[in-house]
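**Student:**
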Amino acid sequence: MPSSSGSSIDTITEGGRVTQVGEGQEADESAPPVMTFGAPTAGEVLAERYELVEHINNDSAGRLVWRGVDVILRRPVAVVLRYPGGDSATEMLQAAVAASRVIHPNLVGVYDAIDEADRAYVVREWVDGQSLRDLATDGPLDPARATAIGNAVASALAAVHATGMVHGNVHPGTVMISDEGRVVLADARTDGADSQENDIRAVGGVLYFALTGSWPHAEAPLHGATAGHGRAAIPDAVRDAGGAIAAPRQVRAGVPAYLDDLTMDLLDAEIAPPSSDVLAAELARLDVPAEDDHYLDNSGPLRFAADTGEEPSPLAAAGGRKVAVGIAGLLAVALVGLLIGIIALGGDDKDPQPTPAAAPTASAPAGDATPAAVTARKLTVKNVRIIDPDSSNRSEVRGAEKVIDGDEDNGWETETYKNKPNFGNLKKGMGVWIDLGEPHTVKSVQAVLSATSASAQLFAGTTNPPSSSNGDKQLVAAYKTAIGQPFEDHDGTTMTFNGFDADQKYQYLLFWITELPPAEDGFKLGVQEITVQGS
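The sequence shown finishes on residue 577 if you use my numbering, and the numbering steps up by one all the way, no holes.
Next comes the structure, spelled out in structure tokens:
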């Protein structure tokens, strides 16, 4: 809790992911000096809660960055301090408040923000890893990894923009990659000097940097950034005599034409960029596992596989890109047949793969070999969220974590709907989306509900759109494969799905509710707990 001399700014709870304020893992030597009078020391406890363990460095804006520990929750934290507090720290603290309103796995978590007059500090999630700027010091990234990072950044921006806010500080120094591979966007600013369009164009800069190791805006930064904002150490892009930057494919071999075109279009001021959610959806389609890169043609646009019934690229449908115009004829014929696996850095998102049979034993000939028995176990759910595609009011999607907390008395519930069990005829349904972290063979899925008479189905898919109304629409449209036994066979308030194909693996599941049971004054359902058994 804050000390009596300071004022605490309300922030998020329970590990939500929000934009980081004060990023210090890629400090700039030219950062302004920090006042040392009354500077903190190792072992000091701030606000009777946050113990300072190690001074890491001064961040690119001249703030002190410490590694610390929350002595109450026993978790590592980063503490970013600014001298003095008060008016001089207003922008930093306002950014923390704004950041706390956005929850997304690709945004760094802010836990607290405190002003003690002589100093102010923000306490945020500690990220073990490095910035994209540091990561690329070993050389440009391969196109697949660059696409995955761009997808994560665009998804984070889509969550920020859905609230009407602007990030305003997207560049290789604020894109963090954890040791586990999670990509997070940090260090939002609230000085009002930027726009959502500039945020989106900055994704082009991030892609360009990841593919080439150089920054396309060193002479004219996207957001009026200076050396003090962490870009001084980034080399300028290769330019011709007129100052125009070279395309990624001109700098290095092996960059697919479609990715080259998309990157350059985002950087072209004469081409209106797509919205962040459309860009995120496009990059998600292009986020292909390395083992599936035979679907990409490095010397030209996308290769297309057999017809899979997928909808055309959302970015091409939205218009506003010369690449969509330049290959319009090809897209019109072939995008319906696009077959691409989607991955996230935190875990592979692949098309279901067959489970290999057990090797023959010495006592049985090869032709009679039988698969080894697999013992089912409770699978760990890496992420969960509520899917609500038919509502712009996102208040009903909160509390998803309650369905996997192990407490059947504490669950997520819908609002009360009048007149009809099908969500008052206002929605097609709502769902609980589950990420198992990586593909697994699933034996059963059990949902414990608050009442009988609910109707639901279980679907599987391979995409992970951003958590927004548009993202939910994309997810529901893509999850067409119903799996497990029919919902009518459930017993009382426990709905069990089994009978899964043993040769299939699933990472993403959708428990889709279509009808609600009767409740006081209408219809309502609580999902108390969902467990997945498999191997």
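C-beta atoms are modelled at their ideal positions from N, C-alpha and C, and glycine is treated no differently.
#1: Using DSSP bridges, identify the partner residues of Phe553.
#2: Following the continuous alpha helix (DSSP H) through Asn240, name the residue where it begins and the one where it ends.
#3: For Glu455, which residues in the same chain have their Cβ closer than 6 Å to its Cβ, ignoring the five residues on either side in sequence?
#4: Identify the continuous beta strand (DSSP E) that holds Gln546 and give its terminal residues.
#5: Please classify Leu149: does DSSP put it in a helix, a strand, or coil?
#6: Within 10 angstroms of its Cβ, does Glu571 collect 16 or more other Cβ (buried), or is it exposed?
#7: What residues in its chain sit with their C-beta under 7 Å from that of Trp168, if we drop five residues either side in the sequence?
#8: Buried or exposed: Glu86, going by 16 or more other Cβ atoms within 10 Å of its Cβ?
#9: Sort Ala190, Phe565, Phe539 and Leu478 by Cα distance to Lys547 and report the nearest one.
#10: Going by the DSSP bridge assignment, what does Asn596 pair with across the sheet?
#11: Would you call the segment 283-300 in contact with the segment 156-175, where contact means no fewer than 3 C-beta pairs closer than 8 Å?
#12: Identify the residues that DSSP records as bridge partners of Asp564: which are they?
#13: Tell me, please, whether the segment 208-215 touches the segment 242-252 by the rule of three or more beta-carbon pairs shorter than 8 Å.
#14: When burial is assigned at 16 or more other CB atoms within 10 Å of the CB, is Glu562 buried or exposed?
#15: Count the other CB atoms, across all protein chains shown, that sit within 10 Å of the CB of Ala314; report buried if there are 16 or more and exposed otherwise.
#16: Helix, strand or coil: how does DSSP classify Ile191 here?
#17: Please classify Ile114 as buried or exposed, where buried requires at least 16 other C-beta atoms within 10 Å of its C-beta.
#18: Taking the C-alpha atoms as reference points, what is the distance between Ile219 and Asn193?
#19: Can you look up Pro508 in the DSSP assignment and give me helix, strand or coil?
#20: For Leu149, count neighbouring C-beta atoms within 10 Å of its own C-beta (all shown protein chains included) and say buried if the count is 16 or more, exposed if not.
#21: Would the beta-carbon of Phe553 fall within 8 Å of that of Val474?
#22: Since Thr458 contacts Gly564 with CB under 8 Å, what's their CB separation in whole angstroms?
#23: Taking all protein chains shown into account, do 16 or more other C-beta atoms lie within 10 angstroms of the C-beta of Lys462, making it buried, or fewer, making it exposed?
#24: Of all Cβ atoms in chain B, is any one closer than 8 Å to the Cβ of Gly206?
#25: According to DSSP, what are the bridge partners of Ser486?
#26: Could you tell me the boundaries of the alpha helix (DSSP H) in which Thr535 lies?
#27: Along the chain, where does the beta strand (DSSP E) that runs through Glu324 open and close?
#28: Would you kindly report the start and end of the unbroken beta strand (DSSP E) that includes Leu309?
#29: Can you tell me the Cβ-Cβ gap for Val111 and Glu93, rounded? I've got them flagged as a contact below 8 Å.
#30: Bridge partners for Met218 per DSSP, in chain order?
#31: Which stretch, first to last residue, makes up the beta strand (DSSP E) that contains Val293?
#32: If you drop the 5 nearest sequence neighbours on each side, which residues of the same chain put their C-beta closer than 7 Å to that of Asn452?
#33: Applying the criterion that 16 or more other CB atoms from any shown protein chain within 10 Å of the CB defines a buried residue, is Ala502 buried or exposed?
**Tutor:** Short version:
#1: Position 511 of the sequence shown holds residue 553. In the DSSP output, where bridge partners are listed per residue, Phe553 has Val474 and Leu500.
#2: Within the sequence shown, numbered from 1, the residue matching residue 240 stands at position 198. Asn240 -> alpha helix (DSSP H) spans Gln238 to Thr254.
#3: The sequence position of residue 455 within the sequence shown is 413, counting from 1. Taken in chain order, the residues that qualify are Gly568.
#4: Looking up residue 546 in the sequence shown gives position 504. Per DSSP, Gln546 belongs to no beta strand (DSSP E) and is neither H nor E.
#5: Residue mapping note: residue 149 aligns to position 107 of the sequence shown, counting from 1. Strand.
#6: Within the sequence shown, the letter at position 529 stands for residue 571. By the 10 Å Cβ count, Glu571 comes out buried.
#7: Position 126 of the sequence shown, counting from 1, holds the residue named residue 168. The beta carbon of Trp168 is closer than 7 Å to those of Arg109, Pro118, Val119 and Ala120 in its chain, skipping five residues each way along the sequence.
#8: Position 44 of the sequence shown, counted from the first residue, corresponds to residue 86. Classification for Glu86: exposed.
#9: Start at 1 with the first residue of the sequence shown, and residue 547 comes out as number 505. The residue among Ala190, Phe565, Phe539 and Leu478 with its C-alpha nearest the C-alpha of Lys547 is Leu478.
#10: Because the chain is modelled from 43 through 577, residue 596 falls outside the range shown and cannot be assessed.
#11: In short, these stretches do not touch, since the Cβ pair count stays below three.
#12: On the sequence shown, position 522 is the one that residue 564 refers to. The question names Asp, yet the displayed sequence has Gly at residue 564. Answer by DSSP bridge pairing, in chain order: Ala561.
#13: With a cut-off of 8 Å, the segment 242-252 and the segment 208-215 count as touching, because enough Cβ pairs lie within range.
#14: For the purposes of this step, residue 562 is identified with residue 520 of the sequence shown, where counting begins at 1. Glu562 comes out exposed.
#15: For this step, residue 314 is matched to residue 272 along the sequence shown. It is exposed - the Cβ of Ala314 has fewer than 16 other Cβ atoms within 10 Å.
#16: The count along the sequence shown starts at 1 and reaches residue 191 at position 149. Note: Ile191 maps to helix in three-state DSSP.
#17: Along the sequence shown, read from residue 1 onward, the residue named residue 114 stands at position 72. Ile114 is exposed by the Cβ-count criterion.
#18: Position 177 of the sequence shown, counting from 1, holds the residue named residue 219. Position 151 of the sequence shown, counting from 1, holds the residue named residue 193. In a straight line, the C-alpha of Ile219 is about 13 Å away from that of Asn193.
#19: If you number the sequence shown from 1, residue 508 lands on position 466. It is coil, neither helix nor strand.
#20: Along the sequence shown, one-based indexing puts residue 149 at 107. With 16 or more other Cβ atoms within 10 Å, it is buried.
#21: Position 511 of the sequence shown, counted from the first residue, corresponds to residue 553. Position 432 of the sequence shown, counted from the first residue, corresponds to residue 474. Yes; because the gap between Cβ atoms is below 8 Å, this pair is in contact.
#22: Taking the first residue of the sequence shown as 1, we reach residue 458 at position 416. Taking the first residue of the sequence shown as 1, we reach residue 564 at position 522. Right, their Cβ atoms sit about 4 Å apart.
#23: By 1-based counting over the sequence shown, the position of residue 462 is 420. The residue in question, Lys462, is exposed, as its Cβ has fewer than 16 Cβ neighbours within 10 Å.
#24: Absent from the structure: chain B. Only one protein chain is present.
#25: In the sequence shown, residue 486 corresponds to position 444, counting from 1. Within the DSSP bridge table, the entry for Ser486 names Gln575 as partners.
#26: Residue numbering aside, residue 535 sits at position 493 when the sequence shown is read from its first letter. Where Thr535 is concerned, there is no enclosing alpha helix (DSSP H), given that its DSSP letter is neither H nor E.
#27: If you number the sequence shown from 1, residue 324 lands on position 282. Taken as a continuous stretch (DSSP letters only), Glu324 belongs to no beta strand (DSSP E), being part of the alpha helix (DSSP H) at Ser318 to Leu328.
#28: On the sequence shown, position 267 is the one that residue 309 refers to. For Leu309, no beta strand (DSSP E) encloses it; the enclosing alpha helix (DSSP H) starts and ends at Ala299 to Leu309.
#29: Taking the sequence shown and counting its residues from 1, the one referred to as residue 111 is at position 69. Taking the sequence shown and counting its residues from 1, the one referred to as residue 93 is at position 51. Contact holds; Cβ gap of about 5 Å.
#30: Your numbering for residue 218 matches position 176 in the sequence shown. According to DSSP, which records beta bridges pairwise, Met218 is partnered with Ser173 and Val226.
#31: Here residue 293 corresponds to residue number 251 of the sequence shown, with the count starting at 1. Taken as a continuous stretch (DSSP letters only), Val293 belongs to no beta strand (DSSP E), being part of the alpha helix (DSSP H) at Pro290 to Val293.
#32: On the sequence shown, residue 452 is found 410 positions in, with the first residue counted as 1. Scanning its chain for C-beta atoms nearer than 7 Å, with the 5 sequence neighbours on each side dropped, one finds around Asn452 the residues Lys444, in chain order.
#33: The sequence position of residue 502 within the sequence shown is 460, counting from 1. Result: buried.
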